[in-house]
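Novice: Below you will find the structure I want to go over with you.
Numbering (my numbering), first residue to last: 2 to 335.
As structure tokens, then:
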């Protein structure tokens, strides 16, 4: 098949691109090539279109009269961008895949494990990232109902490869670097809440398996691993992967987390303070043989090894570091 991946070199999309190439597909990627220093390089064999997909004039000119069996957008974040995707790709592809997020599920009232029909947040009540994904999903499904636009929605769980999962922190190396200098790894709440950790290569195997499958069109399907750990366990696994001897762990009350700089996007912060387990019955109804294979310990060893191949990959956020330092100072009484 001829496949266009919008993105293609990111934390989730790189493995999807790579595995699609390995399956023998003709793979194109479209991105700005603006953050290559901290990403994996495009896999050998892909064809590249370098531009901003949101520049409609440039995108139309670059795409010309090309058609694709599948188009997948990993960098669509709101309703406006969903509308732009529809305008660009309606009639140009037989299958469009929108990469959404499990962050759209309500944490306060949701029963575990999460399913595709779990109650979602109201977009007007939540942070821009979560609201954007909810509204984008709605826009795509409305286009499907109105015009037959062949969209499939995939909702990854928390997925890592070039980022490091931490209880308190962002998708950078700030919190791990603090641990390497003797600082404690901060854990939100009591750390007993159970989280699901999915390696990007496992998500990618599900992704390539649904390419071009008509039975997925008009559906939302979540894809997560079955590897579940408490944040206490996950943080210990991270410390081991980092090679930290005698690691220190410091629990920060949930209320303090939400009031801090780390609580600015409340729904994302709340998610890390809550349980997050999932059923994969939906994806297995389509790909029965699929299951996650990469344990958190194995995946984190691979991530840390990759990050230490080049110092530029280990991004440090000074504002985040200050926020973590403030919490440590307030709650570290030993």
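Glycine residues also receive a C-beta, built at the ideal position from the N, C-alpha and C atoms.
Do you know how far the Cα of residue 46 is from the Cα of residue 22?
Specialist: Taking the first residue of the chain shown as 1, we reach residue 22 at position 21. Taking the first residue of the chain shown as 1, we reach residue 46 at position 45. Spanning the two alpha carbons is a distance of roughly 7 Å.
Novice: Would residue 157 pass as a contact of residue 72 if the rule is Cβ separation under 7 Å?
Specialist: If you number the chain shown from 1, residue 157 lands on position 156. If you number the chain shown from 1, residue 72 lands on position 71. Contact: no.
Novice: From what residue to what residue does the alpha helix (DSSP H) around residue 322 run?
Specialist: As a position in the chain shown, residue 322 is number 321, starting the count at 1. Counting along the chain, the alpha helix (DSSP H) containing residue 322 begins and ends at 319–332.
Novice: With a threshold of 8 Å on Cβ separation, who are the neighbours of residue 150 within its own chain once the five nearest residues in sequence on each side are excluded?
Specialist: Here residue 150 refers to the residue found at position 149 when the chain shown is read from its first residue. Cβ within range, chain order: 87, 91, 97, 141, 144.
Novice: What number of angstroms, rounded off, separates the C-alpha of residue 20 from the C-alpha of residue 244?
Specialist: Translated into the one-based positions of the chain shown, residue 20 becomes position 19. Translated into the one-based positions of the chain shown, residue 244 becomes position 243. Cα to Cα, residue 20 sits roughly 30 Å from residue 244.
Novice: DSSP on residue 59, reduced to helix/strand/coil?
Specialist: Counted from its first residue, the chain shown places residue 59 at position 58. Three-state DSSP puts residue 59 in a helix.
Novice: Applying the 10 Å Cβ sphere with the 16-neighbour rule, what's the burial state of residue 75?
Specialist: Locating residue 75 in the chain shown gives position 74, counting from the first residue. Label assigned to residue 75: buried.
Novice: Look at the alpha carbon of residue 231 and the alpha carbon of residue 93, and state the distance between them as a whole number of angstroms.
Specialist: In the chain shown, residue 231 corresponds to position 230, counting from 1. In the chain shown, residue 93 corresponds to position 92, counting from 1. Their backbone Cα atoms lie some 44 Å apart in a straight line.
Novice: Report the rounded CA-to-CA distance for residue 228 versus residue 159, giving the unit in angstroms.
Specialist: Your numbering for residue 228 matches position 227 in the chain shown. Your numbering for residue 159 matches position 158 in the chain shown. The alpha-carbon atoms of residue 228 and residue 159 are separated by roughly 11 Å.
Novice: Just curious, the beta strand (DSSP E) that residue 186 is in, first and last residue?
Specialist: Here residue 186 refers to the residue found at position 185 when the chain shown is read from its first residue. Its beta strand (DSSP E) spans residues 186–189.
Novice: On the DSSP bridge list, what partners appear for residue 263?
Specialist: In the chain shown, residue 263 corresponds to position 262, counting from 1. Answer by DSSP bridge pairing: none, since residue 263 is not bridged.
Novice: Exposed or buried, what is residue 253 when buried is set at 16 or more other beta-carbons lying within 10 Å of its beta-carbon?
Specialist: The sequence position of residue 253 within the chain shown is 252, counting from 1. By the neighbour-count rule (16 or more Cβ atoms within 10 Å), residue 253 is buried.
Novice: Measure the alpha-carbon distance for residue 192 versus residue 186 and round it to whole angstroms.
Specialist: Taking the first residue of the chain shown as 1, we reach residue 192 at position 191. Taking the first residue of the chain shown as 1, we reach residue 186 at position 185. Approximately 12 Å, taken between the alpha carbons.
Novice: Quick check for students: name the residue ranges of the alpha helix (DSSP H) that lie wholly in the segment 167–233, counting only runs of 4 or more.
Specialist: 175–181, 201–211, all fully within the segment 167–233.
Novice: Rounded to the nearest angstrom, what separates residue 69 and residue 3 at their Cα positions?
Specialist: Here residue 69 refers to the residue found at position 68 when the chain shown is read from its first residue. Here residue 3 refers to the residue found at position 2 when the chain shown is read from its first residue. Looking at the two C-alpha atoms, the distance is approximately 5 Å.
Novice: Opposite residue 66 in the DSSP bridges: which residues?
Specialist: Within the chain shown, residue 66 is the residue found at index 65, counting from 1. None, per the DSSP bridge assignment.
Novice: If you draw a straight line from the alpha carbon of residue 325 to that of residue 313, how long is it in whole angstroms?
Specialist: Within the chain shown, the letter at position 324 stands for residue 325. Within the chain shown, the letter at position 312 stands for residue 313. So the two alpha carbons sit approximately 22 Å from each other.
Novice: Exposed or buried, residue 16, counting other C-beta atoms within 10 Å across all chains shown (16 or more means buried)?
Specialist: Translated into positions along the chain shown, residue 16 becomes position 15. Answer is buried; the Cβ neighbour count reaches 16.
Novice: If you draw a straight line from the alpha carbon of residue 117 to that of residue 334, how long is it in whole angstroms?
Specialist: Here residue 117 refers to the residue found at position 116 when the chain shown is read from its first residue. Here residue 334 refers to the residue found at position 333 when the chain shown is read from its first residue. Those two C-alpha atoms are separated by around 43 Å.
Novice: Examine the Cβ distances between the segment 305–320 and the segment 165–175 and report whether three or more of them are shorter than 8 Å.
Specialist: Cβ pair count under 8 Å is three or more, so yes.
Novice: If you check the beta carbons only, do residue 113 and residue 278 fall under 7 Å apart?
Specialist: Numbered from 1 along the chain shown, position 112 holds the residue referred to as residue 113. Numbered from 1 along the chain shown, position 277 holds the residue referred to as residue 278. Taking 7 Å as the Cβ cut-off, residue 113 and residue 278 qualify as a contacting pair.
Novice: Quick one: using the 10 Å Cβ neighbour count with 16 as the cut-off for buried, is residue 83 buried or exposed?
Specialist: Position 82 of the chain shown holds residue 83. With 16 or more other Cβ atoms within 10 Å, it is buried.
Novice: So, are the CB atoms of residue 10 and residue 40 less than 7 Å apart?
Specialist: Residue numbering aside, residue 10 sits at position 9 when the chain shown is read from its first letter. Residue numbering aside, residue 40 sits at position 39 when the chain shown is read from its first letter. Yes.
Novice: Tell me the rounded alpha-carbon separation between residue 237 and residue 203.
Specialist: Indexing the chain shown from 1 puts residue 237 at position 236. Indexing the chain shown from 1 puts residue 203 at position 202. Distance between the alpha carbons of residue 237 and residue 203 is about 22 Å.
Novice: For residue 36 and residue 12, what's the separation of their Cα atoms in angstroms?
Specialist: Here residue 36 is taken as the residue at index 35 of the chain shown, counted from 1. Here residue 12 is taken as the residue at index 11 of the chain shown, counted from 1. Taking the straight line from one Cα to the other gives about 12 Å.
Novice: Could you tell me which whole beta strand (DSSP E) segments of length 3 or greater appear in the segment 95–174?
Specialist: For the segment 95–174, whole beta strand (DSSP E) runs of length 3 or above, ordered along the chain, are 97–100, 152–157.
Novice: Just grab the DSSP bridge partners of residue 38 for me.
Specialist: The residue you call residue 38 lines up with position 37 of the chain shown. Its beta-bridge partners do not exist; DSSP assigns none.
Novice: Look up residue 307 in the DSSP assignment and say whether it is helix, strand or coil.
Specialist: If you number the chain shown from 1, residue 307 lands on position 306. Three-state DSSP puts residue 307 in a helix.
Novice: For residue 309, count the other beta carbons within 10 Å of its own beta carbon; 16 or more makes it buried, fewer makes it exposed. Which is it?
Specialist: In the chain shown, the residue the question calls residue 309 occupies position 308. By the 10 Å Cβ count, residue 309 comes out exposed.
Novice: Quick one, are the C-beta atoms of residue 119 and residue 130 less than 7 Å apart?
Specialist: Numbered from its first residue, the chain shown carries residue 119 at position 118. Numbered from its first residue, the chain shown carries residue 130 at position 129. No, they are not a contact pair.
Novice: Whole angstroms is fine: what's the gap from residue 81's alpha carbon to residue 132's?
Specialist: Along the chain shown, one-based indexing puts residue 81 at 80. Along the chain shown, one-based indexing puts residue 132 at 131. Spanning the two alpha carbons is a distance of roughly 12 Å.
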